[in-house]
Amino acid sequence: MPKQVTNVAADDALTTIYRLSHDEQEEVIAARVAERLGIKPASVAGMLTRLKRDELVEVDSRKRISLSAVGFARAEHMVRRHRLAECLLVETLGLEWWRAYEEAHLMEHAISDVTEPLIVERLGRPTVSPFGYPIPGSDHRHPLSGRRLSELDAGARTTVERVYEEDEELLRFFHAEGIRPGVEFAVLDVAPYRGTVTIQLAGRELVLGLEAAHRIWVPDH
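Here my numbering is used: the first residue of the sequence shown is 1, the next is one more, and so on.
Laid out in structure tokens, this is it:
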């Protein structure tokens, strides 16, 4: 009989904490986890109680949440399979890259210890996801940057390192405008009171809202 997937809700909570703290370098509190998961704060409180009981998360005196060593390893395990699924969907099956996060979320629990190495080999041992995030356990050796487009000054020239992967409508916008990992651009103007950043991308000017610019990471250097 096929092995049944268990503890999907717990895995989703752990990977959400991982993405917030590790990938986005944000402080993690219960309200933020609830918002990201789209569930009620009371449900998150119950989930955190169970995760603390199982020694998967820790909560400090200021209610900040972090993963224990065991919790981090479990979250990283799931994130690895999720990002491999994204690569499989985009590079092998030809799915539009902006759809990959949601579709990979449906697939990640179906990847087993048997199929995972087969996927890795078929994909040529990828190191990053279509959105620019390192695949845990791969040969990727560059630390994640915490610098965002919204923090740059006019005159800066750089590339897109990664983009926020959990908002499909935002990803469709990025796709339409040619904003993808590896793309080079220059910052022409920053207008905080208008809430916009103007960049030059592929020979044309593009005005972004600061909220969208905050969802784009660039290299630290």
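Here a beta-carbon is modelled for each residue, glycine too, at the ideal position from N, C-alpha and C. The structure presented is a predicted model; accordingly, all values stated were derived computationally and were not measured.
Whole-angstrom distance between F131 and S145, CA atom to CA atom: Counted from its first residue, the sequence shown places residue 145 at position 145. Counted from its first residue, the sequence shown places residue 131 at position 131. Going by the C-alpha atoms only, they are around 14 Å apart.
For Q200, verify whether its CB is less than 7 Å away from any heavy atom of the ligand FMN. Of ligands this structure carries none, so the ligand FMN is not represented either.
Opposing strand residues paired with W98 [DSSP bridges]: By one-based count along the sequence shown, residue 98 stands at place 98. DSSP, once it has assigned bridges, lists no residue as partnering W98.
From G178 to L201, what does the alpha carbon distance come to, in whole angstroms? The residue given as residue 178 occupies position 178 in the sequence shown. The residue given as residue 201 occupies position 201 in the sequence shown. The straight-line gap from Cα to Cα measures roughly 8 Å.
How about the segment 73-88 and the segment 103-120: do they share at least three Cβ pairs that are nearer than 8 Å? yes
Is the Cβ-Cβ distance between R148 and H214 less than 8 Å? Mapped onto the sequence shown, residue 148 falls at position 148. Mapped onto the sequence shown, residue 214 falls at position 214. Yes; because the gap between Cβ atoms is below 8 Å, this pair is in contact.
Which same chain residues, not among the five before or five after V197, have their C-beta less than 6 Å away from its C-beta? Here residue 197 refers to the residue found at position 197 when the sequence shown is read from its first residue. Excluding positions up to five away in sequence, the list reads V190, L208, A213.
By alpha-carbon positions, which one of D153, D54, G182 ends up nearest to L188? Within the sequence shown, residue 188 is the residue found at index 188, counting from 1. Among D153, D54, G182, the Cα nearest to that of L188 belongs to D153.
Ignore the nearest five residues each way along the sequence and tell me which others in Y164's own chain have a CB closer than 6 Å to its CB. As a working note, residue 164 is residue 164 in the sequence shown. Closer than 6 Å at Cβ, skipping near neighbours: R215.
Assuming the contact rule is C-beta atoms closer than 8 Å, L48 and L14 should be a hit. Round their C-beta distance to whole Å, please. As a working mapping, residue 48 is identified with position 48 in the sequence shown. As a working mapping, residue 14 is identified with position 14 in the sequence shown. Not a contact, Cβ separation roughly 11 Å.
Could you have a look at S150 and say whether DSSP puts it in helix, strand or coil? Numbered from 1 along the sequence shown, position 150 holds the residue referred to as residue 150. Here S150 sits in helix by DSSP.
Segment contact flag, the segment 91-101 with the segment 135-144, C-beta cutoff 8 Å, min 3 pairs: no
Coil, strand or helix - D23 by DSSP: For the purposes of this step, residue 23 is identified with residue 23 of the sequence shown, where counting begins at 1. Helix, per DSSP.
Just to confirm the assignment, what range does the beta strand (DSSP E) spanning R204 have? Position 204 of the sequence shown holds residue 204. First-last of the beta strand (DSSP E) with R204: 204-209.
Assign A156 to one of three DSSP states: helix, strand, or coil. Working through the sequence shown from its first residue, we reach residue 156 at position 156. DSSP places A156 in coil when its eight states are reduced to three.
How many Å lie between R50 and E26 at the Cα? Within the sequence shown, numbered from 1, the residue matching residue 50 stands at position 50. Within the sequence shown, numbered from 1, the residue matching residue 26 stands at position 26. Answer to the nearest angstrom: the Cα atoms are 23 Å apart.
Under 8 Å, do V218 and T159 count as touching if we go by C-beta distance? In the sequence shown, the residue the question calls residue 218 occupies position 218. In the sequence shown, the residue the question calls residue 159 occupies position 159. A contact, by the Cβ cut-off of 8 Å.
Determine the DSSP secondary structure at V33, reduced to helix, strand or coil. Here residue 33 refers to the residue found at position 33 when the sequence shown is read from its first residue. Of the three classes helix, strand and coil, the one that applies to V33 here is helix, per DSSP.
Residue interval of the alpha helix (DSSP H) (run including T16): In the sequence shown, counting from the first residue as 1, residue 16 sits at position 16. Unbroken alpha helix (DSSP H) run through T16: 8-18.
With 16 other CB atoms within 10 Å as the buried threshold, where does T92 fall? For the purposes of this step, residue 92 is identified with residue 92 of the sequence shown, where counting begins at 1. Its Cβ having fewer than 16 others within 10 Å, T92 is exposed.
Spatial neighbours of S21 within its chain, please: C-beta separation below 6 Å, excluding the five flanking residues on both sides. Within the sequence shown, numbered from 1, the residue matching residue 21 stands at position 21. Excluding sequence neighbours, S21 sits near V28.
Report the option in A9, K63, F72 whose CA atom is closest to the CA atom of S43. On the sequence shown, position 43 is the one that residue 43 refers to. Taking only the C-alpha atoms, the option nearest S43 is A9.
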